[in-house]
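To start, the structure under review is shown below, and the notes come after it.
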Amino acid sequence: MTLKALIFDVDGTLAETEEAHRQAFNDTFKANGIDWFWDVPLYSELLLTTGGKERMLAYQAAYHSDRPQMSFDEIAELHRQKTARYVEILAIGGLQLRAGVADLIKRAGNAGLRLAIATTTSRPNVDALTKCCWGKPATELFEVIATGEQVTAKKPAPDLFELALNQLQLSPENCLAFEDSRNGLLSAMGAGLDTIVTPCIYTKDHDFTGALRVISTLEGFDI
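Take 1 as the starting number for the sequence shown in the numbering used here and just add one per residue.
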C-alpha cells in the first residue's frame, strides 16, 4: 500500500518533554500545599499510567491510600493548573525537538504526505510545544490533531490512533506511526499501524516487541 500519512505521538517522541511535565506537576502540588513530590525514578514508574489525571489518581491510590482521597473533580482542577504551568514553562523557551524530527516533518510535507498527531496529552500542551519549537500553532503543522480529551480510553487502547485514522479517512496500511513508549506502541499496533519507535530517556528500557523498527532518533530516517 502507498504511504499517505505520518501519525506522531507528542511527549517523548517529538521532544523530550517529560521533565517539563514533571516540574509542572511538582510546582502545582507545592502551590496547592500538597506534600507530593515526584522524583525521576517515581515519575518513570508513574508514566506507565497514561493521562495526567489518571496518573494522579493512580498515585494517590497507590501511595496515599491511608489519607482522605481527593475527588475526580479536585484532581481535574489540579490537572488544569498543571497544564497552565506546563504552558508557562514551555513559553520561556529552551525545549528542543528531538534529532531528526523537524527535518522529517519538512521532508514529509514536501513529499505530499499528510501529518497527524495522536497523543494522550491535552490540546493546550500540543500547541505549547509547537509554538515553543516551531513558533507556530499545531494546526499550521498537522492536519489532524487527536488528543486525550477526545477519547474515553487512552493509550494503550487504540482509540486515539483510530480517531486520527478516522479523521484522515485513511486505512492503517496507508499510514506510519511514530512512538516512544510501550503503551504508545500497543495503542498504534491495536489500530493496525506499523510503528517506528524512538525511545526517550524515560522509556529506553521498555519492551518494544512488535515495532516495525526501534531506532535511537529520527535523524536520517528514510520515508
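All C-beta atoms, glycine included, are put in the ideal place defined by N, C-alpha and C.
Note that the coordinates shown come from a computational prediction; the quantities given were computed from them, not determined experimentally.
Terminal residues of the alpha helix (DSSP H) in which residue i lies
| i | result |
| --- | --- |
| F72 | 72 to 91 |
| T203 | T203 -> no alpha helix (DSSP H), and no H or E assigned at all. |
| T28 | 18 to 31 |
| S44 | 40 to 46 |
| Q60 | 52 to 63 |
Range covered by the beta strand (DSSP E) that runs through residue i
| i | result |
| --- | --- |
| F8 | 5 to 8 |
Cβ neighbours of residue i in the same chain (closer than 7 Å, five flanking residues each side left out)
| i | result |
| --- | --- |
| E162 | A191 |
| Q69 | Q60 |
| R150 | Looking at the sequence itself, residue 150 is Gln, so the reference to Arg does not match. Closer than 7 Å at Cβ, skipping near neighbours: L163. |
| S181 | G12, T203, H206 |
| S187 | K155, P156, A157, P158, L160, F161 |
| L42 | none |
Which residues DSSP lists as bridging residue i, in chain order
| i | result |
| --- | --- |
| F178 | F8, I196 |
| R213 | I196 |
| L286 | In this structure the chain extends from 1 to 223, so residue 286 is not present and cannot be described. |
Residue i and residue j closer than 9 Å at C-beta
| i | j | result |
| --- | --- | --- |
| L212 | A108 | no |
| F142 | L176 | no |
| G100 | T119 | no |
| V10 | T17 | yes |
| A91 | A128 | yes |
| L104 | F221 | yes |
| F208 | L185 | yes |
| G33 | T83 | no |
| Q81 | A31 | yes |
| Q167 | A146 | yes |
6 Å CB neighbourhood of residue i in its chain, flanking five on each side removed
| i | result |
| --- | --- |
| A153 | D159 |
| T50 | T120, K154, K155, N183 |
| F178 | F8, T13, I196 |
Same chain, Cβ closer than 8 Å to residue i, five either side skipped, listed in chain order
| i | result |
| --- | --- |
| L46 | W38, R55, A58, Y59 |
| P137 | D127, T130, K131 |
| I223 | L3, L6, L104, R107, A108, A111, L113, L176 |
Distance cut-off 8 Å: residue i Cβ against heavy atoms of the ligand ATP
| i | result |
| --- | --- |
| C133 | This structure does not include the ligand ATP; it has no bound ligands of any sort. |
Taking the runs of the beta strand (DSSP E) that are 3 residues or longer, which of them lie wholly in the stretch 111 to 167? Contiguous beta strand (DSSP E) elements confined to the stretch 111 to 167 occur at 114 to 118, 144 to 146, taking only those with 3 or more residues.
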